[in-house]
Amino acid sequence: MIVKTATFISSNTKVDKLPAANLPEYAFIGRSNVGKSSLINALTGNRHLAKTSQTPGKTQLINHFLINGAWYLVDLPGYGFAKASKSSRAVWEKFIRRYLSIRENLQCVFVLIDSRHEPQQNDLDFCRWLGEKGISFLLVFTKADKSSLAKANSNVRKFHQALLQWFEETPPHFLTSAESRLGCEQLLTAIDEINSN
Ligand code: GTP
Ligand code: MG
Numbered sequence: 004m005i006v007k008t009a010t011f012i013s014s015n016t017k018v019d020k021l022p023a024a025n026l027p028e029y030a031f032i033g034r035s036n037v038g039k040s041s042l043i044n045a046l047t048g049n050r051h052l053a054k055t056s057q058t059p060g061k062t063q064l065i066n067h068f069l070i071n072g073a074w075y076l077v078d079l080p081g082y083g084f085a086k087a088s089k090s091s092r093a094v095w096e097k098f099i100r101r102y103l104s105i106r107e108n109l110q111c112v113f114v115l116i117d118s119r120h121e122p123q124q125n126d127l128d129f130c131r132w133l134g135e136k137g138i139s140f141l142l143v144f145t146k147a148d149k150s151s152l153a154k155a156n157s158n159v160r161k162f163h164q165a166l167l168q169w170f171e172e173t174p175p176h177f178l179t180s181a182e183s184r185l186g187c188e189q190l191l192t193a194i195d196e197i198n199s200n
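In this note's numbering, the protein residues as written are 4 to 200.
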């Protein structure tokens with residue numbers, strides 16, 4: 004799929020103020036700093052679309068980007084931000100989980116996981132919650148340029164293995180890099196396939 008246009012639409016903290024739910028929508032979620040905003044920029048070929056930062060906790064709102072006038076990419080704040088206060092984490096939890104639970108045009112959630120690390124409990128718990136809620140998701144391993152392919156693939160295998168404690172089958176995964184655009188075409192093709200079904 005070719006991304007011809009990618010336009011910022013809105014930033015929201017309130018689920019009832021989101022754009023009308025009349026187009027297919029794909030949300031990017033994962034730990035703070037995992038590379039959600041960077042991957043959205045790599046997919047759309049626009050380095051300045053979603054704001055990125057070396058400091059975790061950059062994205063704090065639900066950001067909608069309209070792609071080719073036909074579907075939304077949604078950049079969400081990250082979870083597991085160690086420096087955030089307990090109360091602000093609780094607010095995050097409530098608002099993101101509410102968004103994911105009620106958004107009827109949400110086709111699929113992309114759970115981003117840092118390919119450099121062994122499976123982390125908060126990522127596994129988040130996938131488990133999505134499974135319990137019946138929200139469909141795909142696994143997207145990020146920052147593949149930062150470690151060897153062997154190490155990244157080993158972490159990917161371990162993640163699937165860990166999910167099997169709760170799931171009969173694990174979802175497909177993509178190994179990506181926002182730097183080299185590894186996996187970007189495959190991700191866009193997956194979105195295209197869902198859109199045309
Ligand atoms: P929050 O909004 O804080 O939750 O973070 P985020 O998940 O949106 O991460 P963001 O895209 O802001 O990236 C965090 C840092 O990782 C930035 O310094 C990026 O340049 C870097 N980064 C993201 N993706 C990649 C990648 O694929 N390769 C490399 N080398 N660096 C990356
Ligand atoms: Mg971000």
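Virtual Cβ for every residue (Gly too), placed ideally from N, Cα, C.
Open item on the list: Can you list, in chain order, the residues of its chain with a C-beta nearer than 8 Å to that of ALA165? Leave out the 5 residues immediately preceding and following it.
Closed with: By one-based count along the sequence shown, residue 165 stands at place 162. So the qualifying residues of the chain are PRO122 and LEU127.
Practice prompt. Please classify GLN110: does DSSP put it in a helix, a strand, or coil?
Written response: Indexing the sequence shown from 1 puts residue 110 at position 107. Note: GLN110 maps to strand in three-state DSSP.
Where ASN125 falls, given that 16 or more other Cβ within 10 Å makes a residue buried: Within the sequence shown, residue 125 is the residue found at index 122, counting from 1. Exposed, by the Cβ-count rule.
For the alpha helix (DSSP H) that HIS3 lies in, which residues bound it at each end?
Only positions 4 to 200 of the chain appear in the structure, and residue 3 is not among them; the question remains open.
In chain order, which beta strand (DSSP E) runs of at least 3 residues are fully inside the region 31-86? 65-70 and 74-78
(Q) Assuming ILE138 is part of the beta strand (DSSP E), what are its boundary residues? (A) Counted from its first residue, the sequence shown places residue 138 at position 135. Looking at the DSSP string, ILE138 is not in any beta strand (DSSP E), and its letter there is neither H nor E.
Q. Is it the case that the CB of LYS154 approaches a heavy atom of the ligand GTP more closely than 7 Å?
A. Counted from its first residue, the sequence shown places residue 154 at position 151. No, the Cβ of LYS154 stays beyond 7 Å of every heavy atom of the ligand GTP.
- Message: Measuring alpha carbon to alpha carbon, tell me which residue in ASP19, ASP117, GLY38 and PHE140 is nearest GLN57.
- Response: Position 54 of the sequence shown, counted from the first residue, corresponds to residue 57. Measuring from the Cα of GLN57, the nearest candidate turns out to be GLY38.
Subject >> Between the CA atoms of TYR29 and LYS89 - distance to the nearest angstrom >> reply: For this step, residue 89 is matched to residue 86 along the sequence shown. For this step, residue 29 is matched to residue 26 along the sequence shown. Take the alpha-carbon of LYS89 and the one of TYR29: they are about 28 Å apart.
Starting from the Cα of ARG119, find the closest Cα among GLY137, SER151 and LEU26 and give me that residue. One-based indexing of the sequence shown puts residue 119 at position 116. Checking every option, the nearest Cα to that of ARG119 belongs to SER151.
Do PRO175 and LEU141 count as a contact pair if the criterion is CB distance below 8 Å? Here residue 141 is taken as the residue at index 138 of the sequence shown, counted from 1. Here residue 175 is taken as the residue at index 172 of the sequence shown, counted from 1. Their beta carbons are under 8 Å apart, which means LEU141 touches PRO175 by this criterion.
- Message: By the DSSP assignment, the alpha helix (DSSP H) with THR192 in it spans what residues?
- Response: Within the sequence shown, residue 192 is the residue found at index 189, counting from 1. That run of the alpha helix (DSSP H) goes 187-198.
Margin query: Mapping the DSSP letters down to three states, classify ILE12 as helix, strand or coil.
Written below: Here residue 12 corresponds to residue number 9 of the sequence shown, with the count starting at 1. Residue state, collapsed to three classes: strand.
Next item on the list: Note down the Cα distance separating VAL112 from LYS7, rounded to an integer number of angstroms.
Entry: Sequence index remark: in the sequence shown, residue 112 carries index 109 (1-based). Sequence index remark: in the sequence shown, residue 7 carries index 4 (1-based). If you take the alpha carbons of VAL112 and LYS7, they lie about 22 Å apart.
Exercise for review: Apply the 10 Å Cβ neighbour rule to THR145 and answer buried if 16 or more other Cβ atoms are within range, or exposed otherwise.
Suggested key: Indexing the sequence shown from 1 puts residue 145 at position 142. So THR145 ends up on the buried side.
Rounded to the nearest angstrom, how far is the Cβ of ASN66 from that of ALA53, given a contact under 8 Å?
On the sequence shown, residue 66 is found 63 positions in, with the first residue counted as 1. On the sequence shown, residue 53 is found 50 positions in, with the first residue counted as 1. Sure, about 6 Å apart at Cβ, within 8 Å.
In three-state terms, what does DSSP make of GLY144? The residue you call residue 144 lines up with position 141 of the sequence shown. Before going further, note that residue 144 is Phe rather than Gly in the sequence given. If DSSP states are grouped into helix, strand and coil, PHE144 belongs with the strands.
- Tell me whether GLU28 sits in a helix, a strand or coil according to DSSP, three-state version. Sequence index remark: in the sequence shown, residue 28 carries index 25 (1-based). Correct three-state label for GLU28: strand.
- [ ] State buried or exposed for VAL94, treating a residue as buried only when at least 16 other CB atoms are found within 10 Å of its CB.
- [x] The residue given as residue 94 occupies position 91 in the sequence shown. The Cβ neighbour count for VAL94, taken over all protein chains shown within 10 Å, is under 16; the residue is labelled exposed.
| request: Go through its chain and collect everything with a Cβ distance to SER104's Cβ below 8 Å, but skip five positions before and after it. | output: Here the question's residue 104 lines up with position 101 in the sequence shown. Only LYS136 and ILE138 meet the Cβ criterion.
- Going by CA-CA distance only, name the one from ASP117, LYS97 and ALA9 that's closest to SER157. The sequence position of residue 157 within the sequence shown is 154, counting from 1. Considering only alpha carbons, the answer is ASP117.
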